[in-house]
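This report concerns only the one structure given below.
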Amino acid sequence: MPQLDVASYLPQLVWLAITFVILYLLMARLALPRIADVLAERSKRREDNLARAEQLQGEAEAAAAAYDLVLGEARDAAHARLAQSSEAAKAGAEDALHALDQRLGGEIEAAEAAIAEARDAALAEAATMAAEAARLATAKIAGLTVDAAAAEAAALAARKAQP
Amino acid sequence: MASPLKQFEIKSIAPMEVGGIDVSFTNSSLFMVIAITAITAFLVLGMRKRALVPGRWQSLAELSYEFVAGLVRDNVGHQGRAYFPFIFSLFMFILFANTIGLIPYAFTVTSHIIVTFALAAVVFAGVTVVAIVKHRMKFFTYFLPKGTPLYMAPLLIPIEMLSYLARPVTLSLRLFANMMAGHTMLKVFAGFVITLGLAGVFPMAVLVALYLLELIVAVLQAFVFTILTCLYLHDAIHLH
Numbered sequence: 004m005p006q007l008d009v010a011s012y013l014p015q016l017v018w019l020a021i022t023f024v025i026l027y028l029l030m031a032r033l034a035l036p037r038i039a040d041v042l043a044e045r046s047k048r049r050e051d052n053l054a055r056a057e058q059l060q061g062e063a064e065a066a067a068a069a070y071d072l073v074l075g076e077a078r079d080a081a082h083a084r085l086a087q088s089s090e091a092a093k094a095g096a097e098d099a100l101h102a103l104d105q106r107l108g109g110e111i112e113a114a115e116a117a118i119a120e121a122r123d124a125a126l127a128e129a130a131t132m133a134a135e136a137a138r139l140a141t142a143k144i145a146g147l148t149v150d151a152a153a154a155e156a157a158a159l160a161a162r163k164a165q166p
Numbered sequence: 011m012a013s014p015l016k017q018f019e020i021k022s023i024a025p026m027e028v029g030g031i032d033v034s035f036t037n038s039s040l041f042m043v044i045a046i047t048a049i050t051a052f053l054v055l056g057m058r059k060r061a062l063v064p065g066r067w068q069s070l071a072e073l074s075y076e077f078v079a080g081l082v083r084d085n086v087g088h089q090g091r092a093y094f095p096f097i098f099s100l101f102m103f104i105l106f107a108n109t110i111g112l113i114p115y116a117f118t119v120t121s122h123i124i125v126t127f128a129l130a131a132v133v134f135a136g137v138t139v140v141a142i143v144k145h146r147m148k149f150f151t152y153f154l155p156k157g158t159p160l161y162m163a164p165l166l167i168p169i170e171m172l173s174y175l176a177r178p179v180t181l182s183l184r185l186f187a188n189m190m191a192g193h194t195m196l197k198v199f200a201g202f203v204i205t206l207g208l209a210g211v212f213p214m215a216v217l218v219a220l221y222l223l224e225l226i227v228a229v230l231q232a233f234v235f236t237i238l239t240c241l242y243l244h245d246a247i248h249l250h
């Protein structure tokens, strides 16, 4: 078995020591720091990006809040404007209605007065006609001459006595 | 046909001697150099773009880093950070030595007990030094776990000491035996393929399956060696 050849041990040990020490130095000084650098750089980059994403998200949230605030203010203002104008319109309509009411009331009153006047006139006319008729009838039938004014007064009294 | 063990022979490529010590450059040395060159090329060339979004090669390089870093973090804790380059070198060395050894005609550095034992001895000595420097005399309480009745001490202390001292042996034997057995078996079945002629397709199929198995074993044993190193280091730092 070649593994038990003691004469071969020394050169193997010497070269193992040489190569392993060289390997250790190459790894510790050259290869591993490079890999560690790249890995650190990558994790730093990732953390930076995460932090940046977080910051951007915060900004977006603030913008959304500001937008909501402005929107709410505008909505309130619009509501107030709407209420105000509807109030004004209502008041205007009431005024107009009132004026119309008054005008119509006046006209009705005037009309009623005219009607009453016409009726009074008609009644007066009727009394005059009745007195004249009665005076003429009295003159014809009884041969009495009745004063026109007395006849009219009597007619009016008679009409008043009759409900 | 050559013996299945012939593949493990150490052949000198350039005989050298320094102060009476044989330091010949052998096939074993060659594959150690190939392994560390391949590891360095794999990592340094893979990372040369330093891309923020890694490509396939860079992903593999980063994956090996993060794999071992995770192993150290989970099994040793944050105090293991200082030992990470060593554990990483150990893992990559064994992983590359094991897998490069599976290439036909290649030599498997880790199929020699002296190599695996040297690695395990370095781990054992290092872990023990870390423990003694960190805990001074308290380190020896490791051999008598807390809450043990005192009358058990004469029995327990030798057992604990034995299991502690056996660590480098088991650690090195496991890797060495796996590598040697796998390669020997591959060679035996390869021999069957040649000697059986046309019927050699059957051992050939077995050979393919065995090769896949050995590939898994090569990675797994590198992982086992590394995780046991991490656990020993954890014991040294935290004393149970």
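Protein sequences, first through last, are from chains V and P. The first sequence begins at 4 in the numbering used here and counts up by one. The second sequence begins at 11 in the numbering used here and counts up by one. From the three backbone atoms N, C-alpha and C, an ideal C-beta is built for every residue, glycine too. It should be emphasised that the depicted structure is a prediction, and the values quoted were computed from it without experimental measurement.
### Query
In the region 9 to 94 of chain V, which residue ranges form an unbroken alpha helix (DSSP H) of at least 4 residues, counting only runs that do not cross its ends?
12 to 28
### Message
Given this structure, state the Cα-to-Cα distance separating Gln89 (chain P) from Pro178 (chain P), to the nearest angstrom.
### Response
23 Å
#### Entry: Interface flag, Leu183 (chain P) vs chain V, CB-CB below 9 Å
no
### Distance, Ala92 (chain V) Cα to Ala81 (chain V) Cα
16 Å
### Message
Please classify Ser89 (chain V) as buried or exposed, where buried requires at least 16 neighbouring CB atoms within 10 angstroms.
### Response
exposed
### Task
Would you check if there are 3 or more beta carbon pairs closer than 8 Å linking the region 46 to 53 of chain P to the region 190 to 204 of chain P?
Contact fails: fewer than three Cβ-Cβ distances are below 8 Å.
### Task
State the Cα-Cα distance for the pair Ala252 (chain P) and Pro5 (chain V), rounded to the nearest angstrom.
In this structure chain P extends from 11 to 250, so residue 252 (chain P) is not present and cannot be described.
### Task
Give a yes or no on contact between the region 101 to 111 of chain P and the region 222 to 231 of chain P, applying the rule of three or more CB pairs nearer than 8 Å.
yes
### Query
What is the DSSP secondary structure of Phe117 (chain P), reduced to helix, strand or coil?
In the structure shown, the three-state DSSP call for Phe117 (chain P) is coil.
### Message
Less than 9 Å between CB atoms is the rule here; does Ala20 (chain V) satisfy it with respect to chain A?
### Response
Absent from the structure is chain A; the protein chains it does hold are V and P.
### Task
Mark Ala246 (chain P) as exposed unless 16 or more other C-beta atoms lie within 10 angstroms of its C-beta, in which case mark it buried.
buried
### Query
Taking buried to mean at least 16 other C-beta atoms within 10 Å of its own C-beta, is Asn52 (chain V) buried or exposed?
exposed
### Task
Let me know the alpha helix (DSSP H) ranges lying completely inside the region 104 to 150 of chain V, each 4 residues or longer, listed in chain order.
none
### Query
With a Cβ-Cβ cutoff of 9 Å, do Thr50 (chain P) and Ala34 (chain V) count as a contact?
yes
### Residues that Tyr75 (chain P) contacts on chain V, provided the C-beta gap is smaller than 9 Å
Ala34, Leu35, Ile38, Ala39, Leu42
### Query
Using a C-beta cutoff of 9 Å, does Asp8 (chain V) count as contacting chain P?
yes
### Task
Entirely within the region 26 to 67 of chain P and at least 4 residues each: give me those alpha helix (DSSP H) ranges in chain order.
37 to 56
### Query
What residues from chain P crowd round Ala31 (chain V), counting only those whose CB sits closer than 7 Å?
Pro95
### Query
Quick one: what's got a C-beta closer than 6 Å to Ser182 (chain P)'s C-beta in the same chain, skipping five residues either side?
Thr126, Phe127, Ala130
### Cβ shell of Leu100 (chain P) (< 8 Å), same chain only, five flanking positions each side left out
Leu129, Val133, Phe235, Thr236, Thr239
### Limits of the beta strand (DSSP E) - the one that Ile23 (chain P) falls within
Secondary structure note for Ile23 (chain P): its beta strand (DSSP E) is the uninterrupted segment 22 to 24.
#### Entry: Val86 (chain P) at chain V interface by Cβ criterion, 9 Å
So no, Val86 (chain P) is outside the interface.
#### Entry: Beta carbon of Ala163 (chain P) nearer than 9 Å to that of Val41 (chain V)
no
#### Entry: Short Cβ contact (9 Å threshold) for Leu154 (chain P) with Ile167 (chain P)
yes
### Message
For Leu175 (chain P), count the other beta carbons within 10 Å of its own beta carbon; 16 or more makes it buried, fewer makes it exposed. Which is it?
### Response
exposed
### Message
Helix, strand or coil, according to DSSP, for Val86 (chain P) in the structure here?
### Response
Reduced to three states, the DSSP call for Val86 (chain P) is coil.
### Task
List the residues of chain V whose Cβ lies closer than 7 Å to the Cβ of Thr49 (chain P), in chain order.
It should be pointed out that residue 49 (chain P) corresponds to Ile in this sequence rather than to Thr. Using a Cβ-Cβ cut-off of 7 Å, Ile49 (chain P) is close to Leu26 of chain V, given in chain order.
#### Entry: Positions along the region 179 to 206 of chain P whose CB lies within less than 9 Å of some CB in chain V
Phe186, Met190
### Query
Using the rule of at least 16 other Cβ atoms within 10 Å of the residue's Cβ for burial, across every protein chain shown, is Tyr161 (chain P) buried or exposed?
exposed
### Query
Secondary structure at Leu15 (chain P), three-state DSSP: helix, strand or coil?
coil
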